[in-house]
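Trainee: Here it is, the structure in full.
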Amino acid sequence: MTSHTQQLQSLLPFESHFLDRNGHQLHYINEGQGEPVVMVHGNPSWCYYFRNLVSALSVNHQCIVPDHIGCGISDKPNDPDYDYTLNNRIDDLEALLDNLGITENITLVCHDWGGMIGTGFAARHPERIKRLVYLNTAAFHLPKSKPFPWALWICRETLLGTLLVRGLNAFSSAASYVGVKRKPMDKAVREAYVAPFNSWKNRISTIRFVQDIPLKPGDRNFDLVTDIGDSLAKFADVPTLICFGLQDFVFDKHFLAEWRVRMPHAEVHEFADCGHYILEDASDDVIGLIQGFIKQN
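Numbering (the numbering used here), first residue to last: 21 to 317.
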């Protein structure tokens, strides 16, 4: 075990587990017993994002939180050894849950690009899903009313973006500042968010996630994202909770409006003074809402 891995594990108040996934070590948290709650993070994040929610829910539930390949404590292979694309992310999540025998009564909690990954899994196995929780995320294409953010365009399309993200960790570092609005992150928390992405090599997933966003027909994953969006109709009778920080510069009011159209039955809570990392900005509020939602449904 490397010193970097030990450092990251010291940031989590939970035991680490690993799945050998096609020769790569996929790290995950597996805490508590009871009905499963599966939490799926996005970019540039890792399982650390859900630490407080795991502490709250693991009293009565089995909380499973993977680090995607390239993120957190999971291995960070180079391109020839792992294809950093949405379909593989869904395959990885499916393999983990199959390995753990998690086949029913799943509460799925998704944030950021985790909404696409988690819903992609749910679309394959709708019979396994009992509840859905979406936190500043999407499971459909960029809404027509929403311009693609210029900062993401630079990361996705330009050499400068690659140099900023992989050379200076600009994406993860900036997110730790602009991702919260109600209150700044404590220094230790901000450092924990960026800690996994400590070198050019270890920042590969951060840039590949952005480059994998499909914007037009013909882009890799465009049809898959279309299918995932269409699959939401399968969950019209599945209890759904949506919590959004409205000051998110990506997943903002345009995405929330699309959620309301696609999931009209959902219980929706808006946080006007919060940003992207809603579980940091409004931790107690959102955890309380999730606990109450699970109890009632």
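Each residue gets a CB set at the ideal place from its N, CA and C atoms; glycine is no exception.
How is the beta strand (DSSP E) around VAL60 delimited, first residue to last?
Mentor: Working through the sequence shown from its first residue, we reach residue 60 at position 40. It spans 56-60 - the beta strand (DSSP E) in which VAL60 sits, taken as one unbroken run.
Trainee: Tell me which same chain residues have a C-beta within less than 6 Å of the C-beta of GLY90, skipping the five on either side of it?
Mentor: Here residue 90 refers to the residue found at position 70 of the sequence shown. Closer than 6 Å at Cβ, skipping near neighbours: LYS96, ILE224 and SER225.
Trainee: In terms of residue numbering, what span does the beta strand (DSSP E) encompassing LYS150 cover?
Mentor: Within the sequence shown, the letter at position 130 stands for residue 150. Per DSSP, LYS150 belongs to the beta strand (DSSP E) from 149-157.
Trainee: Taking 6 Å as the limit between beta carbons, can you name the residues of its chain near PRO34, skipping five residues before and five after?
Mentor: Along the sequence shown, one-based indexing puts residue 34 at 14. Checking the displayed sequence, the identity of residue 34 turns out to be Phe instead of Pro. Excluding positions up to five away in sequence, the list reads ILE49 and GLU51.
Trainee: Apart from the five residues on each side of it in sequence, which residues of its chain come closer than 6 Å, Cβ to Cβ, to TRP173?
Mentor: By one-based count along the sequence shown, residue 173 stands at place 153. Contacts found: none.
Trainee: Give the C-beta separation of GLY181 and HIS296 to the nearest angstrom, bearing in mind that I take them to be a contact with Cβ-Cβ under 8 Å.
Mentor: On the sequence shown, residue 181 is found 161 positions in, with the first residue counted as 1. On the sequence shown, residue 296 is found 276 positions in, with the first residue counted as 1. Not a contact, Cβ separation roughly 19 Å.
Trainee: Can you find the residues in the same chain that come closer than 6 Å, C-beta to C-beta, to GLU140, ignoring five residues on each side of it along the sequence?
Mentor: Within the sequence shown, numbered from 1, the residue matching residue 140 stands at position 120. The question names Glu, but residue 140 is Gly in the sequence shown. Answer for GLY140: ILE110 and ILE248, listed in chain order.
Trainee: Could you tell me which residues DSSP puts in a beta bridge with LEU128?
Mentor: As a first step, residue 128 must be located in the sequence shown, where it is residue number 108. Answer is VAL58 and LEU152, bridged to LEU128.
Trainee: Taking 6 Å as the limit between beta carbons, can you name the residues of its chain near THR105, skipping five residues before and five after?
Mentor: As a position in the sequence shown, residue 105 is number 85, starting the count at 1. For THR105, where only same-chain residues beyond five positions count, the Cβ hits under 6 Å are ASP232.
Trainee: Just confirm the distance between the C-beta atoms of PRO163 and HIS274, as a whole number of angstroms; I'd bet it's less than 8 Å.
Mentor: Indexing the sequence shown from 1 puts residue 163 at position 143. Indexing the sequence shown from 1 puts residue 274 at position 254. Between HIS274 and PRO163 the Cβ distance is about 5 Å, and since that is below 8 Å, they are a contact.
Trainee: For TYR213, which residues from the same chain have a beta carbon less than 6 Å from its beta carbon, with the 5 sequence-adjacent residues on both sides left out?
Mentor: The residue you call residue 213 lines up with position 193 of the sequence shown. Excluding sequence neighbours, TYR213 sits near SER196.
Trainee: Helix, strand or coil: how does DSSP classify ILE233 here?
Mentor: Here the question's residue 233 lines up with position 213 in the sequence shown. Coil, per DSSP.
Trainee: Tell me the DSSP secondary structure of THR260 in three-state form.
Mentor: Translated into positions along the sequence shown, residue 260 becomes position 240. Residue state, collapsed to three classes: strand.
Trainee: For the segment 233-252 against the segment 116-128, do three or more pairs of beta-carbon atoms, one drawn from each stretch, fall closer than 8 Å, so that the two count as touching?
Mentor: No, the segment 233-252 is not in contact with the segment 116-128.
Trainee: Sort out for me which residues DSSP pairs ILE99 with in a bridge.
Mentor: As a first step, residue 99 is located in the sequence shown; it is residue number 79 there, counting from the start. In the sequence as displayed, the identity of residue 99 is Asp instead of Ile. For ASP99, which the question treats as bridged, DSSP gives no partner whatsoever.
Trainee: My output table needs one value for ASP9: the three-state DSSP class, helix, strand or coil.
Mentor: No information on residue 9 is available, as it lies outside the stretch 21 to 317 that the chain covers here.
Trainee: If ASN80 and GLY54 are in contact, beta carbons under 8 Å, what's the gap, nearest whole angstrom?
Mentor: In the sequence shown, the residue the question calls residue 80 occupies position 60. In the sequence shown, the residue the question calls residue 54 occupies position 34. Rounded, the Cβ-Cβ distance is 5 Å, consistent with contact.
Trainee: Hey, quick one: how far does the alpha helix (DSSP H) through GLN311 stretch, first residue to last?
Mentor: Sequence index remark: in the sequence shown, residue 311 carries index 291 (1-based). Looking at the DSSP string, the run of the alpha helix (DSSP H) that includes GLN311 is 303-316.
Trainee: Just confirm the distance between the C-beta atoms of PHE160 and PRO64, as a whole number of angstroms; I'd bet it's less than 8 Å.
Mentor: Numbered from 1 along the sequence shown, position 140 holds the residue referred to as residue 160. Numbered from 1 along the sequence shown, position 44 holds the residue referred to as residue 64. No, PHE160 and PRO64 are not in contact; Cβ-Cβ is about 21 Å, not under 8 Å.
Trainee: Can you tell me which residues form a DSSP beta bridge with PHE291?
Mentor: As a first step, residue 291 must be located in the sequence shown, where it is residue number 271. GLY265.
Trainee: Looking only at DSSP bridge pairs, what is VAL200 linked to?
Mentor: Position 180 of the sequence shown, counted from the first residue, corresponds to residue 200. Bridge partners of VAL200: none, in fact.
Trainee: Tell me, please, whether the segment 31-45 touches the segment 113-120 by the rule of three or more beta-carbon pairs shorter than 8 Å.
Mentor: The segment 31-45, when compared against the segment 113-120, does touch it at the 8 Å Cβ threshold.
Trainee: Do GLU290 and PHE264 come within 8 Å of each other at the CB atom, strictly closer than that value?
Mentor: Residue 264 sits at position 244 when you count from the first residue of the sequence shown. Residue 290 sits at position 270 when you count from the first residue of the sequence shown. The answer is yes: Cβ separation under 8 Å.
Trainee: On a CA-only basis, which of ARG202, ASN156, VAL230 and GLN27 is nearest ILE262? Give me that one, please.
Mentor: Counting from one through the sequence shown, the residue named residue 262 turns up at place 242. The candidate whose alpha carbon is nearest that of ILE262 is ASN156.
Trainee: Can you look up ALA53 in the DSSP assignment and give me helix, strand or coil?
Mentor: Counting from one through the sequence shown, the residue named residue 53 turns up at place 33. Rather than Ala, the amino acid found at residue 53 in this sequence is Gln. Correct three-state label for GLN53: coil.
Trainee: Looking at LYS201: is its Cβ nearer than 8 Å to the Cβ of GLN267?
Mentor: Position 181 of the sequence shown, counted from the start, is the residue given in the question as residue 201. Position 247 of the sequence shown, counted from the start, is the residue given in the question as residue 267. Closer than 8 Å, so yes.
Trainee: Nearest by alpha-carbon distance to PRO259: which of TYR154, LYS203 and SER30 is it?
Mentor: Locating residue 259 in the sequence shown gives position 239, counting from the first residue. The shortest Cα separation from PRO259 among TYR154, LYS203 and SER30 belongs to TYR154.
Trainee: Have a look at GLN82, ALA292, LYS221 and TYR68 and flag the residue whose alpha-carbon is nearest the alpha-carbon of ASN98.
Mentor: By 1-based counting over the sequence shown, the position of residue 98 is 78. Out of GLN82, ALA292, LYS221 and TYR68, LYS221 has the C-alpha closest to the C-alpha of ASN98.
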